[in-house]
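Residue numbers (this note's numbering), protein chains in the order written: chain P, 673 to 907; chain A, 673 to 907; chain R, 673 to 907; chain C, 673 to 907.
All residues carry an ideal CB built from backbone N, CA and C; glycine is no exception.
Keep in mind that this is a model prediction, so the values were computed, not measured.
The structure under discussion appears below in the form of structure tokens.
Number of protein chains: 4
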Amino acid sequence: MLLQSLREQVLEANLELVRRGLVLYTFGNASGVDRAQGLVVIKPSGVDYDELRPEHMVVTDLHGKIVEGDLRPSSDLDTHTLLYREFPSIGAVVHTHSEFATSFAQAGLAIPPFGTTHADYFHGPVPVTAPLTDAAIQGRYVHETGLAIVAQFAAHNIDPLAVPACLVNGHAPFVWGTDAHDAAHNAVVLEAVAKMAYRTLTLKPNAAEVSQALLDRHYQRKHGANATYGQSRSC
Amino acid sequence: MLLQSLREQVLEANLELVRRGLVLYTFGNASGVDRAQGLVVIKPSGVDYDELRPEHMVVTDLHGKIVEGDLRPSSDLDTHTLLYREFPSIGAVVHTHSEFATSFAQAGLAIPPFGTTHADYFHGPVPVTAPLTDAAIQGRYVHETGLAIVAQFAAHNIDPLAVPACLVNGHAPFVWGTDAHDAAHNAVVLEAVAKMAYRTLTLKPNAAEVSQALLDRHYQRKHGANATYGQSRSC
Amino acid sequence: MLLQSLREQVLEANLELVRRGLVLYTFGNASGVDRAQGLVVIKPSGVDYDELRPEHMVVTDLHGKIVEGDLRPSSDLDTHTLLYREFPSIGAVVHTHSEFATSFAQAGLAIPPFGTTHADYFHGPVPVTAPLTDAAIQGRYVHETGLAIVAQFAAHNIDPLAVPACLVNGHAPFVWGTDAHDAAHNAVVLEAVAKMAYRTLTLKPNAAEVSQALLDRHYQRKHGANATYGQSRSC
Amino acid sequence: MLLQSLREQVLEANLELVRRGLVLYTFGNASGVDRAQGLVVIKPSGVDYDELRPEHMVVTDLHGKIVEGDLRPSSDLDTHTLLYREFPSIGAVVHTHSEFATSFAQAGLAIPPFGTTHADYFHGPVPVTAPLTDAAIQGRYVHETGLAIVAQFAAHNIDPLAVPACLVNGHAPFVWGTDAHDAAHNAVVLEAVAKMAYRTLTLKPNAAEVSQALLDRHYQRKHGANATYGQSRSC
């Protein structure tokens, strides 16, 4: 069986989404990529989470051609593979309909950076795509979903690892990271950030975003060369 | 004992509503129909969920006449049987006071289709009935509740399986499906959809509904002849 | 030890409030009355719920004089005893700071009857008292809290068993019932009703109350001589 | 190992924050001070809560110099030590990103005293700092965070034990108390108070604060020389 370790990481990321309450029934999926081999490991579609095993994961190439696996892959596969092709720095993708992030997506609103929780993970607003055109929806819809994300990041020149999430208009968030654990962690934090942004906006509709200085400071605490958070890797 | 298997399915659907947090104390009920025999199996009224057993279920005909059972059936029985008579394609009915769907019912508002979670299950807005007249309330009230649902679906020419739920004005949702498992599943998803619609509207009161194209695309992903979600039945 | 059975009922009601999430730390209390003996059993003040035993309950007369018990009674005792003296039909009183009912109390707003969940338990709005005057606060404050409740019911001629709860302005709800089980049950339902009223109002600030006909119909389903809900007592 | 008992109290306070849902992943920290020895015990940075043991706690002096411990202390250490130096009456500090208190901090709003739950713990509004200047953010940021808190209390002449919490603008709450147990307890109550204030304000944007008389009365019930809540210490 190919990619045993990556299968386990992807499975574990899927289960973390469930444990954290981001997934109702089977409304979510996670995948990971092996860049050296050019292979993607993704959750199968519509299987109950408590029955999922590493061997149920589906292996495809970077264009979604199935390489190993008897089950049908997640119906969002084409969005995942497009993100892997267009964002070469990312190692995993997570998609959920987590309720607060999805509410922003449904309102067609980016999530503004209102505080340091946001700034610790997202170096700027979490953007929302333009609504898909009817032609895109009726065409290669899942692929077009990925294109809408990529277009948003290109238009605003955003580094996908500096802002590892995007809201798809009228749909829900896609989140990514350096590996499956990181992507799932980012998805959980995105939901917490969205929840607090929702409450900030309903308390004070014209609430101010944090300053660029605060955004920079907090983001660099966790991500810069001089990060001061957590234990150093040699611990 | 009649209909052993249907009793178990109906009991299990009732318990799923509790597990998913849709029911406080005994505020909910589920039933299923055996079309061949013309019999309905429904939860008894006001019995604690943790004491419910298949043999407690009450069996009635399609007009609510008790055929088997010592306990009084759910007080909403006449709504259930009317829905079975008027919507011949449905196999089960669920009623809860789940909090977000009920809040829309209390506000007299339909749930607009703001995203793909909605579109995967409900092919258009989840409608709300007109308020019942005093005469209807003082007359055959539970029967009239069913009539108000049916009138709403007739007036807008909605296929009950394409939109398997209706909000009763000033009351709460009724939900249905092809069988008891499906009806309970739809009730759980309706609550999640209502919760996200509530947050979408409180974030952005004039939020736009998804396009008809997106509504069609997502609904057909799960329900059309070319469904691409989940594993094929032969798996 | 006096009133063993009532002590157990009152303890169980206190624990039900905790199980249902109505109480944070020790912010709640329940009591019951023995009308024949003119004695009240009430939770002691500030004792952890998981250490509470029947023998910790404090027994007082109807004016709050301690008859049995080594612990100090709940600091809200004088409100409880005043309610027992003024509302002779009630058998138990519950006080919590449950979050949605308390939010209405803090906003100084009654809870309007927006739906049948409300109508099943409260035959009209759940009223809110006037704010207490400085003199009342600086005087016999706990006693004055009870007077404010009684004044509200007298002014609007409300039967305490038809509307078994009142919000104290800037404070929180007091709830009652025929016995301790019933009072705790009403407190749990009040919180659910308040939660749905909050969401109804934030969805639609001018939402309409249900009609008097619906209010009457639902209330009588559960409480009238011809109640049709639940199993008859002979079951 | 220094300060075994204080290490255990600080660990327990950290765990209480997790149990009460105030902390997501590692977004929180608690510390305690030994005034006699001039030593602070604080959680290490970024360690999973379920792996935390007393021996992982870091001991520093009142200026943050590490006295004992192999792990890096919480990245918020300089805020904690500044609060210990400036507020000599406090014995412990807690920092969380608990969601409702953080939403007020993100909106730049103090939490008004809307009810007695608030008044039992906070003798006036829970203040919010001014936003930090760019110079402060780019300088000794964590230290400046503490200065902003202290400045707010000095400007309004607030006793830190009468209002044992402050919201840092665009960040989250810092909470304190006489010891680690008390500080964690205050943080849990602050979140409950913030949640109810949020709902009060969204129900009624111009809701009135409680009177000074009520604020005084409730605060003194729990804190004054004539406290009437709980059991006397000799019980």
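By Cβ distance, which residues of its chain are closer than 6 Å to residue i, with the 5 residues on each side in sequence left out?
{"i": "alanine 866(P)", "result": "Phe772, Ala773, Phe776, Ile783"}
{"i": "tyrosine 870(P)", "result": "Phe772"}
{"i": "leucine 833(C)", "result": "Ser761"}
{"i": "proline 726(P)", "result": "Arg679, Glu680, Leu683"}
Determine, using beta carbons only, whether residue i comes closer than 8 Å to chain C.
{"i": "alanine 880(P)", "result": "yes"}
{"i": "serine 747(R)", "result": "yes"}
{"i": "leucine 724(R)", "result": "no"}
Less than 7 Å between C-beta atoms, sequence neighbours within five positions excluded: which residues of the same chain meet that for residue i?
{"i": "aspartate 706(R)", "result": "Leu675, Leu678"}
{"i": "proline 797(P)", "result": "Ala782, Ile783, Pro784, Pro785"}
Does the beta carbon of residue i come closer than 8 Å to any beta carbon on chain A?
{"i": "glutamate 727(P)", "result": "no"}
{"i": "phenylalanine 846(P)", "result": "no"}
{"i": "leucine 886(R)", "result": "yes"}
{"i": "leucine 711(P)", "result": "no"}
{"i": "serine 677(R)", "result": "no"}
{"i": "arginine 889(R)", "result": "yes"}
May I have the straight-line CA-CA distance separating residue i from residue j, to the nearest angstrom?
{"i": "arginine 918(A)", "j": "aspartate 722(A)", "result": "Within the shown structure, residues of chain A are numbered from 673 to 907, placing residue 918(A) beyond reach of any answer."}
{"i": "glutamate 688(A)", "j": "methionine 868(R)", "result": "22 Å"}
{"i": "leucine 743(P)", "j": "histidine 728(P)", "result": "7 Å"}
{"i": "cysteine 907(A)", "j": "glycine 718(P)", "result": "Confidence in cysteine 907(A) is poor, its pLDDT being 29 and thus under 50, which makes the residue's placement unreliable; the coordinate value appears in the next sentence. Distance between the alpha carbons of cysteine 907(A) and glycine 718(P): 12 Å."}
{"i": "methionine 673(P)", "j": "valine 860(C)", "result": "49 Å"}
{"i": "alanine 791(C)", "j": "glycine 693(R)", "result": "21 Å"}
{"i": "threonine 768(A)", "j": "alanine 856(R)", "result": "22 Å"}
{"i": "arginine 893(C)", "j": "asparagine 701(R)", "result": "16 Å"}
{"i": "isoleucine 830(P)", "j": "phenylalanine 846(P)", "result": "15 Å"}
{"i": "threonine 872(R)", "j": "valine 695(A)", "result": "19 Å"}
{"i": "proline 877(P)", "j": "alanine 837(C)", "result": "25 Å"}
{"i": "leucine 862(A)", "j": "arginine 889(P)", "result": "42 Å"}
{"i": "glycine 741(R)", "j": "serine 747(C)", "result": "50 Å"}
{"i": "leucine 734(C)", "j": "glutamine 709(C)", "result": "10 Å"}
{"i": "leucine 887(P)", "j": "threonine 801(R)", "result": "47 Å"}
{"i": "proline 716(P)", "j": "glycine 704(P)", "result": "13 Å"}
{"i": "alanine 779(A)", "j": "aspartate 854(P)", "result": "41 Å"}
{"i": "alanine 808(C)", "j": "glutamate 816(C)", "result": "6 Å"}
{"i": "glutamate 758(P)", "j": "valine 713(P)", "result": "17 Å"}
{"i": "histidine 828(R)", "j": "isoleucine 738(R)", "result": "34 Å"}
{"i": "proline 745(R)", "j": "glutamine 810(R)", "result": "21 Å"}
{"i": "threonine 698(R)", "j": "aspartate 750(A)", "result": "44 Å"}
{"i": "glycine 736(C)", "j": "tryptophan 848(C)", "result": "18 Å"}
{"i": "tyrosine 793(R)", "j": "valine 835(R)", "result": "7 Å"}
With a cut-off of 8 Å, does the C-beta of residue i fall near any C-beta of chain R?
{"i": "aspartate 806(A)", "result": "yes"}
{"i": "serine 717(C)", "result": "no"}
{"i": "leucine 707(C)", "result": "Checking the displayed sequence, the identity of residue 707(C) turns out to be arginine instead of leucine. Not one chain R Cβ lies under 8 Å of arginine 707(C)."}
{"i": "serine 703(C)", "result": "no"}
Give a yes or no on whether the minimum CB-CB distance between residue i and chain P is below 8 Å.
{"i": "histidine 857(C)", "result": "no"}
{"i": "arginine 691(A)", "result": "no"}
{"i": "leucine 696(C)", "result": "yes"}
{"i": "arginine 910(A)", "result": "Outside the shown range of chain A (673 to 907) lies residue 910(A), about which nothing can therefore be said."}
Excluding five sequence neighbours on each side, which residues of the same chain lie with their C-beta closer than 8 Å to the C-beta of residue i?
{"i": "alanine 844(P)", "result": "His767, Thr768, His769, Ser770, Ala773, Thr774, Ala777"}
ask   = Just by C-beta distance, which residues in the segment 810-827 of chain R are closer than 7 Å to chain A?
value = Per Cβ criterion, the list is empty.
ask   = Would you call the segment 682-699 of chain A and the segment 812-829 of chain P in contact, with 3 or more CB pairs under 8 Å?
value = Segments in contact, no.
task = Identify each residue in the segment 778-795 of chain A for which the Cβ-Cβ distance to at least one residue of chain P is less than 7 Å, and report them in chain order.
result = For the segment 778-795 of chain A, the beta-carbon criterion of a distance under 7 Å to any beta-carbon of chain P is satisfied by Phe786, Gly787, Thr788, Thr789.
message = Along the segment 861-881 of chain R, where does the CB come closer than 8 Å to a CB of chain A? Name the residues.
response = Under the 8 Å Cβ criterion, the segment 861-881 of chain R contributes Val861, Ala864, Lys867, Met868, Ala869, Arg871, Thr872, Thr874, Leu875, Lys876, Ala879, Ala880.
ask   = Just by C-beta distance, which residues in the segment 751-776 of chain P are closer than 8 Å to chain A?
value = Across the segment 751-776 of chain P, CB contacts with chain A closer than 8 Å involve His769, Glu771, Phe772, Thr774, Ser775, Phe776, in sequence order along the chain.
query = If you measure beta-carbon to beta-carbon, which residues of the segment 828-844 of chain R are closer than 8 Å to chain C?
reply = Flagged, chain order: Gly842, His843, Ala844.
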